[in-house]
Amino acid sequence: MSYKGYFHRILFVDLSQRKSKVWEPPPELWEKFLGGKGAGLKMLYDLGLDPDPFSPENPLIFLTGPVTGSPIPTSARSCVVFLSPLTNSAVDSHAGGFFGPALRKLGLDGLLILGKSPKPMYLEVRPDTVLFHEAEKLWGEGIFATEKALKERHPGAVVASIGPAGERGVRFACIGTGFWRQFGRGGAGAVMGAKNLKAIVVPPGSEKIPIADEPRFHELNKKLVEDLLSHPMRKKREELGTTMWIRMAQEAGFLPTRNFQACRFPGFEGITSEAMKRKLSWEPRGCFNCPIRCGKLARWDGFELEGPEYETTAFLGANLEIGSAKAVAYANLLCDDLGLDTISTGVVISFALEASERGLLPLPFRFGDAEGVFTLIRQIAFREGVGDLLAEGTRIAAEKLGEEAQYFAIQVGGMELSGVNPKGCASMGFSLATADFASHTRFWSATAEMQGVLSVESVPKFVKEGQDEVAARNSLIVCDFLPFGFDRLAPLFCALTGMELVSWDFLRAGERIENLHRLINLARGREEDTLPERFFAEPHEAGLFAGQRFTPEDFRRWLSEYYRLRGWDERGVPTPEKLAELGLPGPRLCQL
Ligand code: SF4
1395 MSYKGYFHRI LFVDLSQRKS KVWEPPPELW EKFLGGKGAG LKMLYDLGLD PDPFSPENPL
1455 IFLTGPVTGS PIPTSARSCV VFLSPLTNSA VDSHAGGFFG PALRKLGLDG LLILGKSPKP
1515 MYLEVRPDTV LFHEAEKLWG EGIFATEKAL KERHPGAVVA SIGPAGERGV RFACIGTGFW
1575 RQFGRGGAGA VMGAKNLKAI VVPPGSEKIP IADEPRFHEL NKKLVEDLLS HPMRKKREEL
1635 GTTMWIRMAQ EAGFLPTRNF QACRFPGFEG ITSEAMKRKL SWEPRGCFNC PIRCGKLARW
1695 DGFELEGPEY ETTAFLGANL EIGSAKAVAY ANLLCDDLGL DTISTGVVIS FALEASERGL
1755 LPLPFRFGDA EGVFTLIRQI AFREGVGDLL AEGTRIAAEK LGEEAQYFAI QVGGMELSGV
1815 NPKGCASMGF SLATADFASH TRFWSATAEM QGVLSVESVP KFVKEGQDEV AARNSLIVCD
1875 FLPFGFDRLA PLFCALTGME LVSWDFLRAG ERIENLHRLI NLARGREEDT LPERFFAEPH
1935 EAGLFAGQRF TPEDFRRWLS EYYRLRGWDE RGVPTPEKLA ELGLPGPRLC QL
């Protein structure tokens, strides 16, 4: 069956041989894995899980979902799936902006890039092929200059590119697009750099996404848009951006502060949304087809930036004890241009500052010193001095500094934690510890814990179900901030594609995708599910364990129940029965 909503075309590119071809995925890829994250993981699995992340054989799989580029609001998003140099396992890194919709305008669902070019190059994507252009003059440039130059050369094009950090293999280098949006987490920029691929240019296209039942689709979508426009959360996000969470996290007591040593930052008033509005002349800005417009165009002292959003402000602000909106914005600007994930950068710097205080690493500055942070960001991107060690990420840096450093290395499976301080929100710590990789983009349980609607006993089930739902959403792909569930999205999806699915089917698909990610993590040698020792040793300041320690036994109790609910054994390995029930790993759908 040829479903609508997809173009059934993924462009394979081999940089080593300078060849490309269009691959038509079998319908089963969409039926079982939907698109986006799910389809990308299945393709990665089928291609083989042996490659070193920096090797030419590691694929960069840019994927859209059936929602991407469609009239459904927040349809901006796309992802890139790859073996991460930071976690050594699969990561799906998502970006808003315009890149995904631009691929769909060319009649493509995705782009799979393998191999390595002998010299720096950039790709110009066409509907049936790619053009290979030399990029030696762009190599060494920041993302802003690269994108500007390529947009002048290719009017109307959307560009994704890397900066010096990606060229130098910084393990948390990102891919930037639209100047200020990123495929941020996990080091996709380093994988792209290892391929000598500086940029991808997607020229304007005119393809229309096929819709199975146009009248029903437009009727349902019209109602969804109306409800979104009058939704209170939309208005709040448009006014305050995601940075509104700085004040909320401070009040709730889970704002990461001083390398997660504390949950409240005394200088937080300087980095709230209100402060950003005053200091940075914020204006709302949206991704493709998004009336939420959580982005904020900031202009200050001759600089321009979309941001800073919550995670960046938490990790380049509170967690480094920097309480100045302009300083956070400038650190954000540096990371965006040099091609660094702001979250991992903030956490690895806070780790280094604590290591310095403990006498393990000489650093010439302390928490709260913005100039010192700016210098260190540049050193990381160019791998200069101590920046070379930190460019390896928190896990490897801690291993090199010795046993004592493990305690305050705030990472799980190599990924620097994001979102909140688990010392004020244990459920979120558990969600991060059990996630496919420890990022806030997995499942955000913090709101429920903050509102007091979670009991200690309910956490494992709540987290498991939330992770499944997010996996399905990340496969469609809809933005986390679209405030509607599958009761609204399922009928729209059916009208779009012609598939006949109900809400439960999406949760089932999400569960399948989570299990596939677990299989990949196990095959790649991911360690046990746990949290850094700090979160067990120090009393919690807020949340379910306020005023007490969240002990390893508490965590283990949750984990046992979580594994039971997932149908995994006591080591966290999916049982043969569970895999059979989900049809995993299933036939090989993708091969070269
Ligand atoms: S809500 Fe924000 S991140 Fe999501 S699509 Fe809209 S502008 Fe982009």
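1395 is the number of the first residue of the sequence shown in the working numbering; add one for each residue after it.
Built from N, CA and C at the ideal position, the CB exists for glycine as well.
Residue i and residue j closer than 7 Å at C-beta
i: ALA1832; j: GLY1937; result: no
i: ALA1842; j: LEU1848; result: yes
i: ARG1641; j: GLY1787; result: no
i: ASP1503; j: GLY1434; result: no
i: LYS1542; j: CYS1657; result: no
i: ASN1815; j: PHE1662; result: no
i: ALA1470; j: GLY1733; result: no
i: THR1828; j: TYR1704; result: no
i: ALA1643; j: LYS1592; result: no
i: PHE1682; j: PHE1875; result: no
i: ARG1920; j: GLY1813; result: no
i: VAL1474; j: PHE1577; result: yes
i: LEU1409; j: ALA1484; result: no
i: ILE1507; j: LEU1441; result: no
i: ILE1774; j: GLY1781; result: yes
Residue closest to residue i, alpha-carbon to alpha-carbon, out of the options
i: HIS1834; options: GLU1843, GLN1845 and MET1822; result: MET1822
i: ALA1803; options: ALA1721, LEU1986, ASP1731 and PRO1926; result: PRO1926
i: GLY1696; options: ASN1683, PRO1678, ILE1716 and TYR1724; result: TYR1724
i: PHE1824; options: ARG1965, GLY1711, GLY1796 and PHE1944; result: PHE1944
i: ILE1871; options: LEU1428, LYS1415, GLN1773 and LYS1398; result: LEU1428
i: CYS2043; options: LEU1525, HIS1488 and ILE1507; result: Lying before the first or after the last residue shown, residue 2043 is absent from the chain, which here runs from 1395 to 1986.
i: GLY1572; options: SER1555, ARG1562 and ALA1584; result: SER1555
i: GLY1399; options: TRP1952, PRO1465 and GLY1432; result: PRO1465
i: LEU1710; options: PHE1768, LYS1690, ARG1777 and SER1624; result: PHE1768
i: LEU1622; options: PRO1685, THR1969 and GLU1793; result: PRO1685
i: PHE1611; options: ALA1889, GLU1418 and ALA1931; result: ALA1889
i: PRO1460; options: LYS1602, GLY1796, PRO1512 and LEU1714; result: LYS1602
i: MET1893; options: TRP1424, ARG1777 and LYS1413; result: TRP1424
i: GLY1550; options: GLU1677, PRO1598, TRP1952 and MET1586; result: PRO1598
i: LYS1671; options: GLY1680, GLY1689 and PHE1659; result: GLY1689
Endpoints, alpha helix (DSSP H) assigned at residue i
i: GLU1668; result: 1667-1674
i: ALA1746; result: 1736-1751
i: LEU1423; result: 1421-1427
i: GLU1546; result: 1537-1547
i: LEU1732; result: 1719-1732
i: LYS1499; result: 1493-1499
i: ARG1789; result: 1788-1795
i: GLU1663; result: First-last for GLU1663: undefined, no H or E at that position.
i: THR1828; result: 1820-1828
i: MET1437; result: 1430-1441
Cβ-heavy atom distance, residue i to the ligand SF4, below 6 Å
i: CYS1568; result: no
i: PHE1573; result: no
i: ALA1554; result: no
i: ILE1686; result: yes
i: THR1468; result: yes
i: GLY1680; result: yes
i: GLY1430; result: no
i: GLY1578; result: no
i: PHE1878; result: no
i: PHE1875; result: yes
i: GLY1459; result: no
i: GLY1701; result: no
i: GLY1689; result: yes
i: GLY1813; result: no
Residues bridged to residue i [DSSP beta-bridge criterion]
i: SER1487; result: VAL1474
i: GLU1528; result: MET1515
i: MET1642; result: Answer by DSSP bridge pairing: none, since MET1642 is not bridged.
i: ASP1899; result: DSSP lists no partner for ASP1899.
i: ASP1408; result: LYS1413 and LEU1508
i: LYS1617; result: None, per the DSSP bridge assignment.
i: LYS1690; result: PRO1678
i: VAL1806; result: MET1809
i: ALA1940; result: HIS1934
i: LEU1699; result: ALA1692
i: TRP1962; result: PRO1968
Limits of the unbroken beta strand (DSSP E) element including residue i
i: VAL1967; result: That residue, VAL1967, is in no beta strand (DSSP E); it is neither H nor E in DSSP.
i: ALA1554; result: 1552-1555
i: ARG1575; result: 1575-1577
i: GLY1570; result: 1569-1571
i: ALA1593; result: 1591-1596
i: ILE1455; result: 1454-1457
Residue i CB to nearest heavy atom of the ligand GDP below 6 Å
i: CYS1473; result: Here the bound small molecules are the ligand SF4; the ligand GDP is not part of this structure.
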